[in-house]
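In the UniProt record's numbering, the protein residues as written are 1 to 554. Below is one structure, written out as structure tokens; the observations come after it.
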Amino acid sequence: MAKDARPMWENPIQFVLACVSYAVGLGNVWRFPYLCQMHGGGGFLIPYLIMLVLEGIPLFYMELAIGQRMRIASVMTSIFLCLYYNSVLPWAECPLNDNHTGYLEECVVATPTQYFFYRETLNINSSINENGGIHMGQALCLLLAWMIVYLCIVRGVESTGKVVYFTATFPYVVLAIYLIRGVTLHGALNGVKYMFTPKMEQLANPTTWINAATQIFFSLGLGFGSLIAFASYNQHNNNFERQAIVVSMINSGTSIFASIVTFSIYGFKATVNFENCQERLRMLLLNTFDLAEDSINLDNINHWITKLNQTYPEQFASIASKIDPCDLQDELDTAVEGTGLAFIVYSEAIKNMPLPQLWSVLYFFMLLMLGMGSMLGNITAITTPLRLVCVICFLLGLGFTTRSGNYWFTIFNDYGATLSLLFIVLIEVVSVSYVYGLKRFEKDVEDMLGHRPNWYWKIMWAAVSPLLLIGLFLFYIINYIMGGTPTYQAWDKDLVMPSYDTGESVTMSYPTFAQAFIGLVLASSMGCVPLVALYVFWKKKRLGVEVVDNTLST
């Protein structure tokens, strides 16, 4: 196809919306709030914003500028992400027990949303060692998701450009509705306050900084090749410098905005759990000590526990094992990983809202749009070299619909796009700055924009960004080696009381075959860069020999 025949974005707004739709995804709604909670709220926001300025915006600018370069490694990483990104899951309430005399005890103990997520929706095994068959409901949902993706990209940038108008804007409408609803919930401010109250000791934790950096790369989509593919459909003189800043700020602003929504709902959930815990304690004390109904309330319950323990020590000792200390801070500190935040925490909060059906439909449709927008970007990065990508990714993705599929999902989510992203982006910035040459790159930018990059961009590309990436890359490797055997969260339904099937989430070590697979995932995504470099070097050397031979024979 001639160069002039290559399809283009209809206008710069369409390109910006495509980048926003791609960059703003599920990671903004679940991964960022989870990391924010894990690293102490504001204690994570500070390194996140620093990494945005020192790494995110400069490298986002670079990827928009360099076009179709460095596609191979990005394709592999995009494929890994595409394999598991389309797994959308529902939720429900507790089922009745076999005798229909009450609710299933495992569900009651674990909470309905946890039970349904692990035992019904996933039908999950107790460990990654067990495989099990394919969950047909999930497989059909996966098929439907890939069919929608295919319809959205079947005409290339022409159809994608139309779809992004909706996928880029609809999530903001839902988030705005949720924000209004969320901040009016009972206890919502407890969650928002928790988010913005920094645990300053986290700034001395190197893991906080590396998670901040990888979250920047993950949420902006750096290293996947999608931004490079999107930019290749721009006009030659498109002002990508301004667009890079705008999209980066929108993406990070969305993460913070979505986190306020998330933490308001999380504060509501934590407050409800805290008050329910106190109510159970109150009823236990009233029934045990035969006290008046109005003698104990949620405000003076701790006083009564101390008083009854001192006054009736023997009687109190008989119920001591049943007393669960209720602490709001502990409820807020309870982190829920990845999909758990999206499908357990939100679902548990939604069921306590008025008109829960409406809120659940809006929320899960928003997740679908967020996932769809990001998928369009990832597929765009690999459609050119692999037209059958939808079918292939669907078939490979069936592995995630088995009863142990969620554990493999965790492997890809934790290792498929973390270290490899650091490596790919490091190679990218070093190649542009020191192999291709920063002076030549400046001239390319001047040719497109009419002016050269200012001092900020050049300092970031030449020194700050590569040095930070090298430090983060080395720390990641050292931390991985020194951290011992990698672990994952498994659902063990027989852990606490085997005869009663009262399940809970437990930490387990990956078996040897899973650790070997983790190594394969890391090697396959990073190994493309040196392998292709060796191939190109060998090809040029061989070509040079052939030229010499032909010259001598002539």
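No residue lacks a Cβ here, since even glycine has one placed at the ideal position from N, Cα and C. Source: prediction; values computed, not measured.
Check: Should residue 215 and residue 15 be called a contact, given that it needs their Cβ atoms to be closer than 8 Å?; Outcome: no
Check: Is residue 491 helix, strand or coil when you go by DSSP?; Outcome: strand
Check: Among the residues of its own chain, which have a CB less than 7 Å from the CB of residue 465, if the five just before and after it don't count?; Outcome: 54, 55, 58, 59 and 429
Check: Pull up the distance between the alpha-carbon of residue 535 and that of residue 421, whole angstroms please.; Outcome: 22 Å
Check: Anyone know if the C-beta pair for residue 261 and residue 178 falls short of 8 Å?; Outcome: yes
Check: Tell me, please, whether the stretch 233-242 touches the stretch 268-281 by the rule of three or more beta-carbon pairs shorter than 8 Å.; Outcome: no
Check: Taking residue 50 and residue 475 to be in contact with their CB atoms under 8 Å, please state how far apart those CB atoms are, rounded to whole angstroms.; Outcome: Between residue 475 and residue 50 the Cβ distance is about 16 Å, and since that is not below 8 Å, they are no contact.
Check: Could you tell me which uninterrupted alpha helix (DSSP H) segments, each at least 4 residues in length, are contained entirely in the stretch 212-287, listed from first to last along the chain?; Outcome: 226-231
Check: Counting pairs of Cβ atoms below 8 Å between the stretch 294-303 and the stretch 215-224, do you hit three or more?; Outcome: no
Check: Would you tell me roughly how many angstroms separate the C-alpha atoms of residue 245 and residue 236, rounded to the nearest one?; Outcome: 19 Å
Check: In this structure, does DSSP put residue 11 in helix, strand or coil?; Outcome: coil
Check: Among the candidates 329, 180, 315 and 184, whose CA atom is the shortest distance from the CA of residue 40?; Outcome: 329
Check: Does the structure place the stretch 126-136 close enough to the stretch 396-414 that three or more beta carbon pairs sit under 8 Å?; Outcome: yes
Check: Take the Cβ of residue 283 as the centre, count every other Cβ of all protein chains shown within 10 Å, and call the residue buried at 16 or more, exposed below.; Outcome: exposed
Check: Measure the CB-CB distance between residue 510 and residue 486 and report whether it falls below 8 Å.; Outcome: yes
Check: Tell me, to the nearest whole angstrom, how far the beta carbon of residue 43 is from that of residue 199; I am working on the premise that it is less than 8 Å.; Outcome: 4 Å
Check: When DSSP labels each residue in this structure, what does residue 507 get in the three-state scheme?; Outcome: strand
Check: Identify every run of the alpha helix (DSSP H) within the stretch 111-189, keeping only runs that are complete inside it and at least 4 residues long; order them along the chain.; Outcome: 112-115, 136-153, 157-167 and 170-183
Check: Would you identify the three-state DSSP class for residue 539, choosing helix, strand or coil?; Outcome: helix
Check: So, for residue 499: in the same chain, excluding its five sequence neighbours on each side, which residues have a beta-carbon less than 8 Å away from its beta-carbon?; Outcome: Residue placement at residue 499 cannot be trusted, given a pLDDT of 40 that sits under 50; what the coordinates show is reported in the next sentence. There are no such residues.
Check: I'd like the list of long-range same chain contacts for residue 270, defined as Cβ closer than 6 Å, with 5 residues on each side in sequence excluded.; Outcome: 331 and 332
Check: Leaving out the 5 sequence neighbours to the left and right, which residues in its chain are closer than 8 Å to residue 203 when beta-carbon positions are compared?; Outcome: 43, 46 and 47
Check: Can you say whether residue 228 is buried or exposed, counting buried as having 16 or more other CB atoms within 10 angstroms of its CB?; Outcome: buried
Check: Report the rounded CA-to-CA distance for residue 133 versus residue 413, giving the unit in angstroms.; Outcome: 22 Å
Check: Under three-state DSSP, which class holds residue 402?; Outcome: strand
Check: How is the alpha helix (DSSP H) around residue 309 delimited, first residue to last?; Outcome: 301-311
Check: Could you please give the first and the last residue of the uninterrupted alpha helix (DSSP H) stretch that includes residue 65?; Outcome: 57-66
Check: With residue 432 and residue 441 assumed to form a contact (beta carbons below 8 Å), what rounded beta-carbon distance in angstroms separates them?; Outcome: 5 Å
Check: Taking only three categories from DSSP, how would you classify residue 355?; Outcome: coil
Check: Just how far apart, CA to CA, sit residue 395 and residue 477?; Outcome: 32 Å
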